[in-house]
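Student:
There are 2 protein chains.
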Amino acid sequence: MKAEKAVLLLSGGLDSTTALYHLRAIQTEVFPLLIHYGQRHSKELAAARRICTRLNLKPMLVDLRAIQPLISTSSQTNEAIEVPEGHYTEESMKLTVVPNRNMVMLSLAISWAVSLKADRVVYAAHAGDHTIYPDCRPEFIQTMNQAAQLCDWHSVELFSPFENWTKSDIVRRGLELRVPYEETWSCYKGLALHCGKCGTCVERKEAFALLNVVDPTVYADEIEEEGTANHHVMAT
Amino acid sequence: MKAEKAVLLLSGGLDSTTALYHLRAIQTEVFPLLIHYGQRHSKELAAARRICTRLNLKPMLVDLRAIQPLISTSSQTNEAIEVPEGHYTEESMKLTVVPNRNMVMLSLAISWAVSLKADRVVYAAHAGDHTIYPDCRPEFIQTMNQAAQLCDWHSVELFSPFENWTKSDIVRRGLELRVPYEETWSCYKGLALHCGKCGTCVERKEAFALLNVVDPTVYADEIEEEGTANHHVMAT
Numbered sequence: 329m330k331a332e333k334a335v336l337l338l339s340g341g342l343d344s345t346t347a348l349y350h351l352r353a354i355q356t357e358v359f360p361l362l363i364h365y366g367q368r369h370s371k372e373l374a375a376a377r378r379i380c381t382r383l384n385l386k387p388m389l390v391d392l393r394a395i396q397p398l399i400s401t402s403s404q405t406n407e408a409i410e411v412p413e414g415h416y417t418e419e420s421m422k423l424t425v426v427p428n429r430n431m432v433m434l435s436l437a438i439s440w441a442v443s444l445k446a447d448r449v450v451y452a453a454h455a456g457d458h459t460i461y462p463d464c465r466p467e468f469i470q471t472m473n474q475a476a477q478l479c480d481w482h483s484v485e486l487f488s489p490f491e492n493w494t495k496s497d498i499v500r501r502g503l504e505l506r507v508p509y510e511e512t513w514s515c516y517k518g519l520a521l522h523c524g525k526c527g528t529c530v531e532r533k534e535a536f537a538l539l540n541v542v543d544p545t546v547y548a549d550e551i552e553e554e555g556t557a558n559h560h561v562m563a564t
Numbered sequence: 329m330k331a332e333k334a335v336l337l338l339s340g341g342l343d344s345t346t347a348l349y350h351l352r353a354i355q356t357e358v359f360p361l362l363i364h365y366g367q368r369h370s371k372e373l374a375a376a377r378r379i380c381t382r383l384n385l386k387p388m389l390v391d392l393r394a395i396q397p398l399i400s401t402s403s404q405t406n407e408a409i410e411v412p413e414g415h416y417t418e419e420s421m422k423l424t425v426v427p428n429r430n431m432v433m434l435s436l437a438i439s440w441a442v443s444l445k446a447d448r449v450v451y452a453a454h455a456g457d458h459t460i461y462p463d464c465r466p467e468f469i470q471t472m473n474q475a476a477q478l479c480d481w482h483s484v485e486l487f488s489p490f491e492n493w494t495k496s497d498i499v500r501r502g503l504e505l506r507v508p509y510e511e512t513w514s515c516y517k518g519l520a521l522h523c524g525k526c527g528t529c530v531e532r533k534e535a536f537a538l539l540n541v542v543d544p545t546v547y548a549d550e551i552e553e554e555g556t557a558n559h560h561v562m563a564t
């Protein structure tokens, strides 16, 4: 049987990295697509590259920073807007929505899939995203799947294996597949360490905590707390 | 009444230029979006700019040439593939299809529309395109319209006023609106003059001929024929 070919939108985060390992486990030939759209947390792309190197895959990196003037209403694409902190389902997190980001990325992935005569485009949206990100909702994904099948004489299927999974479900599957989560990057702030306070850090922590497994991520806020705790100990 | 705001995908060709004049005639505030995707006939963008200048509009030009590796299977994005000549509905014209081009351009137009809180994205696909270009078919446009309404909390409508018009219908409307067709650019070859032989030149000629009106375009093949004819006259 010929292996399926799939273009994967790989951000370097926890979800799409798990999707990469998941696809390889089901014998799919993966073409990872990395997109630099001027995201504040472009550190994630370095993570994506490291993961590709580890798996001996050559990713396609597209520099899309020229579209910045079209999408500058988000904290992720505009330095002047502060990244909100708190639980990732809070209303304030809508500031992190990049206008129509997923359609832009999917459309490029579909272009490449058509060029490669690939079978699928894979996209790692999950159930936890639905509250805040309109372009992660099942109805959006279904519509884009229809569009993917109409946009060219070669039809491409859009596959989102985690559409109804929680982040914990993803981590559970990833641990089975030995995904090196310490190599992945989630934090929206894109500083030296994961901040531990932004929506995506809170969600990441929660995913490991709910499974009662060790989270290999080093969070800046936990180091500070430990630092403070030690200081208290020493002072007494 | 507040004027509608619309982002228009403006190529500098006959169809989208007519759409621009049409939108202004119906009191729409237009935000023209010009995209350089590495097209062989990037001359069209200079035409688009001239038309914007004439109307005192400031277009947004996005340099998307970085996506070239994803879309290099077309004669329009790959210098090594020759532009086919003949009638624009012939099978050979499928070589000119740029993989998923319209979804990419629409997605960027929708991003900008969301950022601007605009009402619509306008796209000048017409009935003559359906045979060759899958991403001009009504079913594709309808699906993208649904996606445009789901992709963000601010809903955008996709409007394609010429979806069921022939190219002659467009020119008829354009002549009423005094569209300066001599300023527009269609030819896929992108040389000094319109070649007169590629699919889009053939279609352009036909649109004026069917209306029995003067086509202001200077076509290279007609100059050559006139040259030959004159030569014959002189030789006798």
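Protein chains in written order, with our numbering: chain L, 329 to 564; chain A, 329 to 564. Here a beta-carbon is modelled for each residue, glycine too, at the ideal position from N, C-alpha and C. Keep in mind it's a predicted model, so treat the numbers as computed, not measured.
Determine the contact status of Gly340/A and Trp493/A, defining contact as a CB-CB distance below 7 Å.
Tutor: Contact flag unset, no.
Student: Which residue marks the beginning of the alpha helix (DSSP H) containing Val442/A, and which one marks its end?
Tutor: It spans Arg429 to Leu444 - the alpha helix (DSSP H) in which Val442/A sits, taken as one unbroken run.
Student: Between the C-alpha atoms of Ala563/L and Glu553/L, what's the straight-line distance to the nearest angstrom?
Tutor: Reliability of the predicted coordinates at Ala563/L is poor, the pLDDT of 38 falling under 50, and no value is obtained from them.
Student: Using three-state DSSP, classify Asp543/A as helix, strand or coil.
Tutor: The answer is coil: DSSP assigns Asp543/A none of H, G, I, E or B.
Student: Check whether the Cβ atoms of Asn518/L and Lys422/L lie closer than 7 Å to each other.
Tutor: First, the amino acid is wrong: residue 518/L is Gly here, not Asn. Contact flag unset, no.
Student: So, Thr475/A versus Met472/L, is the Cβ gap smaller than 7 Å?
Tutor: As written in the sequence, residue 475/A is Ala, which differs from the Thr given in the question. Contact flag set, yes.
Student: Does any CB atom of chain L fall closer than 7 Å to the CB of Thr401/A?
Tutor: Thr401/A counts as touching chain L.
Student: According to the Cβ coordinates, are Ser403/L and Val425/L closer than 7 Å?
Tutor: No.
Student: Roughly how many angstroms lie between the CA atoms of Arg368/A and Pro412/A, to the nearest whole one?
Tutor: Distance between the alpha carbons of Arg368/A and Pro412/A is about 13 Å.
Student: Going by alpha carbons, who is nearest to Val546/A out of Ala520/A, Leu373/A and Glu410/A?
Tutor: Residue Ala520/A is the option with its Cα nearest to Val546/A.
Student: To which residues of the same chain is Asp463/A closer than 7 Å at the C-beta, ignoring the five residues directly before and after it?
Tutor: The residues are Asn428, Arg429, Asn430 and Met431.
Student: How many Å lie between Leu539/A and Lys330/L at the Cα?
Tutor: Near 53 Å, if we compare the C-alpha coordinates of Lys330/L and Leu539/A.
Student: According to the neighbour-count rule (16 or more other Cβ atoms, all chains shown, within 10 Å of its Cβ), is Gly414/L buried or exposed?
Tutor: Gly414/L comes out exposed.
Student: Starting from the beta carbon of Cys479/L, find every residue of chain A whose beta carbon is closer than 8 Å, and list them in chain order.
Tutor: The answer, in chain order, is Asn428, Asn430, Met431, Pro462, Asp463 and Phe468.
Student: Do the segment 497–508 of chain L and the segment 500–508 of chain A meet, that is, are 3 or more Cβ pairs less than 8 Å apart?
Tutor: Counting Cβ pairs under 8 Å, fewer than three are found: no touch.
Student: Mapping the DSSP letters down to three states, classify Pro412/A as helix, strand or coil.
Tutor: It is coil, neither helix nor strand.
Student: Within the same chain, show all residues whose beta-carbon is closer than 6 Å to that of Asp549/L, passing over the 5 residues directly before and after it, in chain order.
Tutor: So the list reads Gly524 and Lys525, once near-sequence residues are dropped.
Student: Roughly how many whole angstroms lie between the Cα atoms of Ala347/A and Trp440/L?
Tutor: Distance between the alpha carbons of Ala347/A and Trp440/L: 30 Å.
Student: Which value, in whole angstroms, describes the spacing of the CA atoms of Leu373/A and Tyr365/A?
Tutor: Leu373/A and Tyr365/A: Cα-Cα distance of roughly 11 Å.
Student: For Asp447/L, which residues in chain A fall below 9 Å Cβ to Cβ?
Tutor: Going along chain A, no residue has its Cβ under 9 Å from Asp447/L, so there is no contact; the nearest lies around 15 Å.
Student: Tell me the DSSP bridge mates of Arg448/L?
Tutor: According to DSSP, which records beta bridges pairwise, Arg448/L is partnered with Ala334/L and Glu485/L.
Student: List, from N- to C-terminal side, the alpha helix (DSSP H) runs of 4 residues or more that fit wholly inside the segment 502–545 of chain L.
Tutor: If we require 4 residues or more, the alpha helix (DSSP H) runs fully inside the segment 502–545 of chain L come out as 527–539.
Student: Have a look at Arg448/L and Glu332/A and give me their C-alpha separation to the nearest angstrom.
Tutor: Rounded to the nearest angstrom, the two C-alpha atoms are 38 Å apart.
Student: Please report the straight-line C-alpha distance between Leu338/L and Glu510/A, rounded to a whole angstrom.
Tutor: Using only the alpha carbons, I get a separation of about 46 Å.
Student: Judging by CA-CA distance, which residue of Ser435/L, Leu383/L, Ile379/L and Leu351/L is the nearest neighbour of Leu392/L?
Tutor: Taking only the C-alpha atoms, the option nearest Leu392/L is Ser435/L.
Student: When DSSP labels each residue in this structure, what does Asp457/L get in the three-state scheme?
Tutor: In the structure shown, Asp457/L sits in a helix (DSSP, three-state: H, G or I).
Student: Secondary structure at Val426/L, three-state DSSP: helix, strand or coil?
Tutor: Val426/L: coil per DSSP, three-state reduction.
Student: Bridge partners for Leu362/A per DSSP, in chain order?
Tutor: Leu362/A is bridged to Leu389/A.
Student: Excluding five sequence neighbours on each side, which residues of the same chain lie with their C-beta closer than 6 Å to the C-beta of Met388/L?
Tutor: Leu361.
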